[in-house]
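In our numbering, the protein residues as written are 12 to 114.
Even glycine gets a Cβ: it sits at the ideal position worked out from N, Cα and C.
Since the model is a prediction, treat every value here as computed from it, not as a measurement.
I have placed the structure first, in the form of structure tokens, so that the comments after it can refer back to it.
Written out as structure tokens, the structure reads:
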């Protein structure tokens with residue numbers, strides 16, 4: 012079983028987790044998280060530096076994923092099927108990456 016924790020942010024807080032001590036696969040990675048918000052814009056996750064990074068955010072109510080592993084950015088947009096991501100209900104996001112393929 013995975014350890015689960017809930018963090019609450021009011022707009023100016025943030026959470027930091029150092030990934031530098033863990034090896035990150037250059038072939039494939041998986042990230043999953045759940046969130047609920049009333050905001051249309053906000054940062055959900057950012058890890059990395061310079062040209063090697065993963066950025067997951069809400070932009071105008073759409074989940075935006077940008078992955079750049081040094082060879083150019085890949086952008087994926089996910090719109091809600093029904094309603095909105097800013098409806099204060101829990102939404103789950105799972106990102107799977109194999110080489111330059113992101114889903």
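Residue 52 vs residue 69 beta-carbon contact at 7 Å: yes
C-alpha distance - residue 67 paired with residue 79, whole-angstrom precision: Taking the CA atoms as reference points, residue 67 sits about 12 Å from residue 79.
Bridge partner(s) assigned by DSSP for residue 126: Here the chain covers residues 12 to 114 and nothing more, so residue 126 does not appear.
Option nearest residue 45 by Cα separation, candidates 23, 19 and 88: 19
Residue nearest to residue 89 in terms of C-alpha spacing, selected from 17, 21 and 74: Of 17, 21 and 74, the residue nearest in Cα terms is 74.
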